[in-house]
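In what follows, a single structure is set out as structure tokens and then discussed.
Residue numbers (the numbering used here): 771 to 1635.
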């Protein structure tokens, strides 16, 4: 201690700051290599070590005390902005909280640390207190496990180190760490492929590697990868792979800290491009620089996930003494080892590569098997090089792959395991190209491969009785659908051509045709699969963007699908696809639109010509029955209905006709607006009715209210009566207000009415805050304005990034030019909107005004406008 220089606080602060800055600047300027990151972390830890030792030497603490680095800092590696956790370890008999010189010295040391710029997390304990507190707290046990002595009494530290290890129960520690890891993985969606992963905490991140070392240290099995290899827990090759991929993750995390200028472990969209550029990555036409970075991250995280699983299973066997558990033969190649599938010999796949795919078929078929053993996972990991072109074209392997798809159960878990073990991408070479591929469409929240497996899972659930409550209609259709494997193939290929440029549906169709030919699928099944892949976006487009009350729309779609089997398959795939994109995308209203489209098309395929007049008459009759049930006198509906044309009755369901008639029978000629609301009959949110003398800015004022109140408009049906009244119905999702639905209905009716009664110009739309994702990956706004097929009205299609106030901004432009709105289809796809409006007005007949309107709409929807 006496050799350490004595520096004042200001001088030491400058010394620490300039030293750290020079280390970071050297790292920024260096080649982005694993070695550079390792060197930086060691140097930063050493710089902090020396600064703390200087402060300790000047603090006047008792000679028997020791200063320990704990937690991540205890490993002797420090990321640029990571926590600095220290433990002041006191000899027995000293009370740090008793007023006196000791307490003053401790407080002075901690204050000095902060004064010089060391933002430490500190604790003060005796050895007995450490043991007592660690006994019931896994977090404290873990933190103390990696302690390192920085200054003070070394003999005290030695006793501390020995007694902490002796006090650890390796089995209990293992169990606690496994439960902790499971919770952490669930928190991060149980996938290494999130679009904004946490490179420390996400599955496949650095924390998974740290957990392995902690468990091994607690059991006295080693604290480095080479030591674990020497104990036979991993092979020398696996040790090198662990070191290599750990190095990649550390390099990315270190660069992330430096670019962010703070502790930031999430590869958020805002930072991905800057971090990629710090690696020297450049974007190209087909790929962003950030995608190059993320692909490197995902491959490292995937390898860590695989190796973590192997080593954790080996540690579990060694600690629990279950390596000698009884094994029961399944066949000549595989054994059941306590519910885990075990290869009969380590060289099974080398001797018989056919057994690679058979692994997953046996996994599906053998009762009681819940996973693959460490030995099997290791054998698969080492067999990756065997899965070459010859392997892929082998008839036996092709037959096995189809059997996996056709098996009566287990596809979801089998294909996830195949992806985790790299078998899926090596057998389906086209799939390998989209592993870890990001999707910057503001719609999907998973990488392409994870989305595909999510869609496969969703399709599979339609066929499982236990999940029938989730999607009753889909489960009902699936129960009658023969050969469900065609849907599984379509799910695997529907997005497999993403990222190539061109139409991924068409390119995917070509890929799946090749697959079907190579695997000798029956002609009818192959044709259906190709149709599903090519048309997997069509049903969603028709249901959400076209007018289903128009018989010609239904006729055209029915002609496209051709028969009931094609329609049912497309419906099931579409629901599974939308559900597999993002938790935000699906809602009950979207489900209703898809189901309505399915039912209307099915009737047309059954030979029933859609007779609009008969349909409307049946709908009216059903509405009259509804009115009678609500004690309305016969004929109550007629004053309103006489003012409305055919399109109104074609677009409204019987329940809505009855509701409108009940609400408006006394107000058909009212000079004041009428607003009524009710809980939506098709799911969450409200259905809101507005009846008012029509005026150019009416729709804009309604949208302005919903925007200001935080409601999200899902759909709008807009009608104008023959007497000049607007009758508009909105489906809206309410903001998260803590109130009963009756109070919410009353609130909307009162405040929307007040907004409609207001005079004066329309207020300026508010510029809602953009999400980080929209800021990072802006979607180019697109507007299409074209006459409909009869050249009587115009179709306005708008595609842009979503934001608060968007629909109101559009409505203001239409109101400014006195454009009448006949129909609005509002479709929100994650953080992108695809809205379609049926409009008319004199301004649309003039080319010059048309261009002006389109320009104003583009300004209104631009995120920078």
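Cβ atoms here follow ideal geometry from the backbone N, Cα and C, with glycine treated the same way.
Practice item. From the DSSP output, read off the bridge partner residues of residue 1216. Key: When DSSP reads this structure, residue 1216 sits in a beta bridge with 964.
Review point. Based on the DSSP secondary-structure assignment, which residues constitute the bridge partners of residue 1143?
Key: Paired residues: none, contrary to the question.
Exercise for review: Mind checking which residues open and close the alpha helix (DSSP H) that includes residue 1496?
Suggested key: Under the DSSP assignment, residue 1496 falls outside any alpha helix (DSSP H), being part of the beta strand (DSSP E) whose first and last residues are 1495-1503.
**Study point:** Selection from 1363, 1469, 908, 916 that minimises the alpha carbon distance to residue 943
**Key:** Of all alpha-carbon atoms in 1363, 1469, 908, 916, the one lying nearest the alpha-carbon of residue 943 is that of 908.
Check your understanding: Helix, strand or coil: which one does DSSP assign to residue 984?
Key -> In this structure, residue 984 counts as helix in the three-state DSSP scheme.
Review point. Hey, quick one: how far does the alpha helix (DSSP H) through residue 1329 stretch, first residue to last?
Key: Per DSSP, residue 1329 belongs to the alpha helix (DSSP H) from 1321-1331.
**Study point:** Which listed residue (1026, 1021, 995) has its alpha carbon closest to that of residue 1011
**Key:** Scanning 1026, 1021, 995 for the CA closest to the CA of residue 1011 turns up 995.
Point to revise | Beta-carbon proximity of residue 1386 to residue 1345, cut-off 8 Å | key: Contact: no.
Exercise for review: Could you name the residues of the same chain whose beta carbon sits closer than 8 Å to that of residue 884, not counting the 5 residues immediately before and after it, in chain order?
Suggested key: Contacts found: 890.
Exercise for review: Identify every residue that forms a DSSP beta bridge with residue 919.
Suggested key: Paired residues: 838.
Review point. If you pair each beta-carbon of the stretch 1301-1317 with each one of the stretch 1253-1273, do three or more pairs fall below 8 Å?
Key: Touching, per the Cβ criterion.
Check your understanding: Once you ignore the five residues that flank residue 1048 on each side, which residues in its own chain have a CB closer than 6 Å to its CB?
Key -> Excluding residues within five positions, the ones whose Cβ falls inside 6 Å are 1025, 1029.
**Study point:** Secondary structure of residue 1097, DSSP reduced to three states
**Key:** Here residue 1097 sits in strand by DSSP.
Check your understanding: Where residue 792 and residue 1038 are concerned, what is the direct C-alpha to C-alpha distance, given to the nearest angstrom?
Key -> About 27 Å.
Review point. Would you say the stretch 1284-1301 touches the stretch 1220-1228, given that touching needs at least three Cβ pairs under 8 Å?
Key: Cβ pair count under 8 Å is below three, so no.
Review point. What three-state label does DSSP hand residue 1606 in the structure shown?
Key: When DSSP states are grouped into helix, strand and coil, residue 1606 belongs to the strand group.
Exercise for review: Name, in chain order, the residues that DSSP records as bridge partners for residue 1462.
Suggested key: The bridge partners DSSP lists for residue 1462 are 1496.
Check your understanding: residue 1564 by DSSP, collapsed to three states: which one?
Key -> In the structure shown, residue 1564 adopts extended strand secondary structure according to DSSP, grouped into three states.
Practice item. Determine the contact status of residue 764 and residue 1075, defining contact as a CB-CB distance below 8 Å. Key: This structure cannot settle anything about residue 764, because the visible part of the chain is limited to 771 through 1635.
Check your understanding: Quick one: Cα of residue 829 to Cα of residue 781, how far?
Key -> One C-alpha to the other measures close to 16 Å.
Point to revise | Cβ contact check for the stretch 1478-1486 and the stretch 1495-1514: 3 or more pairs under 8 Å | key: By the criterion of at least three beta-carbon pairs nearer than 8 Å, the stretch 1478-1486 is in contact with the stretch 1495-1514.
Check your understanding: If residue 1184 sits next to residue 1130, beta carbons under 8 Å apart, how far is it from one beta carbon to the other, in whole angstroms?
Key -> Right, their Cβ atoms sit about 5 Å apart.
Review point. In whole angstroms, what separates the C-alpha of residue 864 from that of residue 986?
Key: Approximately 34 Å between the Cα atoms of the pair.
Review point. What span of residues does the alpha helix (DSSP H) with residue 1279 cover, start to end?
Key: From DSSP, the alpha helix (DSSP H) with residue 1279 extends over 1274-1288.
Exercise for review: Take the Cβ of residue 1595 as the centre, count every other Cβ of all protein chains shown within 10 Å, and call the residue buried at 16 or more, exposed below.
Suggested key: By the 10 Å Cβ count, residue 1595 comes out buried.
Check your understanding: Do residue 887 and residue 783 have their C-beta atoms within less than 8 Å of each other?
Key -> In contact: residue 887 and residue 783 (Cβ atoms closer than 8 Å).
Point to revise | Identity of the residues DSSP links to residue 1029 by a beta bridge | key: According to DSSP, which records beta bridges pairwise, residue 1029 is partnered with nothing at all.
Point to revise | residue 1259 versus 1031, 1173, 1320, residue with shortest Cα-Cα distance | key: Of 1031, 1173, 1320, the smallest CA-CA separation from residue 1259 is found for 1173.
Exercise for review: Tell me whether residue 1306 sits in a helix, a strand or coil according to DSSP, three-state version.
Suggested key: Three-state result, residue 1306: coil.
**Study point:** Runs of alpha helix (DSSP H) lying entirely within the stretch 1367-1422, each at least 4 residues, in chain order
**Key:** Whole alpha helix (DSSP H) segments, 4+ residues: 1382-1399, 1408-1411, 1416-1421.
Practice item. Measure the beta-carbon distance from residue 1449 to residue 1456 and round it to whole angstroms, keeping in mind my assumption that it falls under 8 Å. Key: Yes, they are in contact, since the Cβ atoms of residue 1449 and residue 1456 sit about 6 Å apart, within 8 Å.
**Study point:** As assigned by DSSP and simplified to three states, the class of residue 1513
**Key:** Here residue 1513 sits in helix by DSSP.
Check your understanding: Quick one, which of 1043, 976, 1497, 1375 has its alpha-carbon nearest residue 1014's?
Key -> The option with the nearest alpha carbon to residue 1014 is 976.
Review point. Who are the near neighbours of residue 1276 in its chain, counting only those whose CB is closer than 7 Å to its CB and skipping five residues on each side?
Key: If you ignore the 5 residues before and after residue 1276, its C-beta comes within less than 7 Å of the C-beta of 1304, all in its own chain and listed in chain order.
Check your understanding: Are the beta-carbon atoms of residue 740 and residue 850 separated by less than 8 Å?
Key -> Residue 740 lies beyond the stretch modelled for the chain, which goes from 771 to 1635, so this question has no answer here.
Practice item. Return the chain-ordered list of same chain residues with a C-beta closer than 6 Å to the C-beta of residue 967, the five sequence neighbours on each side being excluded. Key: Within the same chain, and ignoring the five residues on either side of residue 967 in sequence, the residues whose Cβ sits closer than 6 Å to its Cβ are 1037.
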